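In the UniProt record's numbering, the protein residues as written are 1 to 330.
Glycine is no exception: its CB is placed at the ideal position from the N, C-alpha and C atoms.
Please read these numbers as outputs of a predicted model, since none were measured by experiment.
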């Protein structure tokens, strides 16, 4: 179908709120993961939301984040046109206002997440609101995600667990004052300001936040970060409380490396010379009887395995999050 902007993504989130499902927002930095995600999403009939961080953009652009975003944005657009689903791009955990403005000017992403959750409440409000206003001023087809974790007024030296959960009434205030389109909440997953804290997962808190927003006439979709390691039953419960976006990054990183490792471990003798054979990489073993097997070391071999594994993982996650079979564009 195609690569769509914020207006269309808002419609997908509205469907998710109504029907109790969410999109698995999947981080990418290079083509193999993207192609695997496209395969998995299309297989189960789910729209696809991919994400890029500033670091991923720098990696793709050989140090130039704007170049990386242009390159990957073009690649996403071309590959999305070949698929029977809708594809979207969220810019994940953005903190640099100049880069955020460049993203809007390039008109590439569907949504942008401004992350000022590490700041005190008032500064978080101010920065998040500024991004919302910037999008409006530019007439940009992006929607804005913001994050709220720490409770207003908690001092930096206080390490009480309550300081790292999102307060429902404060969430209402934050959404009303910033105008953000989505709200990432802290309910005990290991992420952001709560990372490394011994917090209990609180699906009930997600429900309370959803109820508080509804009571104030706010249909703002909620976002769950740090979802690696959650049990399937926990994910399913979260989806019933207005979680319309669930971030996944670390899982794909592991699957990428593990899949390549398994291939190379199985075929070590076809890649690395055996004991007694000089490791003549510079002359490519022309003076030895042994030679490596191109059917194994060609990067495309591992690349295809990685794509297949990423596709399987994402298809399963989309089923779990409830977005399978819910594409607006199939």
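Is the beta carbon of residue i sitting closer than 8 Å to the one on residue j?
i: residue 16; j: residue 221; result: yes
i: residue 241; j: residue 184; result: no
i: residue 327; j: residue 86; result: yes
i: residue 5; j: residue 172; result: no
i: residue 47; j: residue 323; result: yes
i: residue 25; j: residue 51; result: yes
i: residue 89; j: residue 73; result: yes
i: residue 127; j: residue 119; result: yes
i: residue 187; j: residue 213; result: no
i: residue 1; j: residue 254; result: no
i: residue 239; j: residue 40; result: no
i: residue 76; j: residue 34; result: yes
i: residue 144; j: residue 108; result: no
i: residue 132; j: residue 179; result: yes
i: residue 303; j: residue 27; result: no
i: residue 273; j: residue 285; result: yes
With hydrogens ignored, establish whether the beta-carbon of residue i is closer than 7 Å to any heavy atom of the ligand PLP.
i: residue 176; result: For the structure depicted, the ligand PLP is absent and the ligand set is empty, with no information on it obtainable.
To the nearest whole angstrom, what separates the beta carbons of residue i and residue j, a pair I think is in contact under 8 Å?
i: residue 170; j: residue 148; result: 7 Å
i: residue 224; j: residue 209; result: No, residue 224 and residue 209 are not in contact; Cβ-Cβ is about 11 Å, not under 8 Å.
i: residue 53; j: residue 96; result: Contact flag wrong, Cβ pair sits at about 11 Å.
i: residue 314; j: residue 45; result: About 13 Å; that fails the 8 Å criterion.
i: residue 245; j: residue 182; result: 6 Å
i: residue 287; j: residue 280; result: 6 Å
i: residue 122; j: residue 116; result: The Cβ separation is near 10 Å, so there is no contact.
On a Cα-Cα basis, can you pick out the residue from the options that is closest to residue i?
i: residue 58; options: 75, 35, 29; result: 29
i: residue 99; options: 84, 134, 8, 125; result: 134
i: residue 374; options: 22, 289, 105; result: There is simply no residue 374 to check, as the chain begins at 1 and stops at 330 in what is shown.
i: residue 9; options: 69, 213, 71, 112; result: 112
i: residue 249; options: 75, 55, 42, 304; result: 55
i: residue 251; options: 121, 226, 39, 94; result: 226
i: residue 216; options: 132, 13, 168, 189; result: 168
i: residue 319; options: 299, 297, 43, 102; result: 43
i: residue 177; options: 14, 218, 82, 294; result: 218
i: residue 165; options: 138, 203, 136, 140; result: 203
i: residue 81; options: 38, 272, 140; result: 38
i: residue 104; options: 139, 84, 79, 300; result: 139
i: residue 236; options: 14, 83, 321; result: 321
Can you find at least 3 beta carbon pairs, one from the stretch 259 to 272 and one from the stretch 303 to 314, that sit closer than 8 Å? yes
Give the list of continuous beta strand (DSSP E) stretches no shorter than 3 residues that lie fully inside the stretch 161 to 185. Those beta strand (DSSP E) runs which fall completely within the stretch 161 to 185 and span 3+ residues are 182 to 185.
Threshold first: 4 residues or longer. Then list the alpha helix (DSSP H) segments lying entirely within the stretch 214 to 276, N to C. As far as the stretch 214 to 276 is concerned, its whole alpha helix (DSSP H) runs of at least 4 residues are 232 to 239, 250 to 266.
Runs of alpha helix (DSSP H) wholly within the stretch 60 to 147 (minimum 4 residues, chain order): The qualifying runs are 65 to 80, 97 to 106, 121 to 138.
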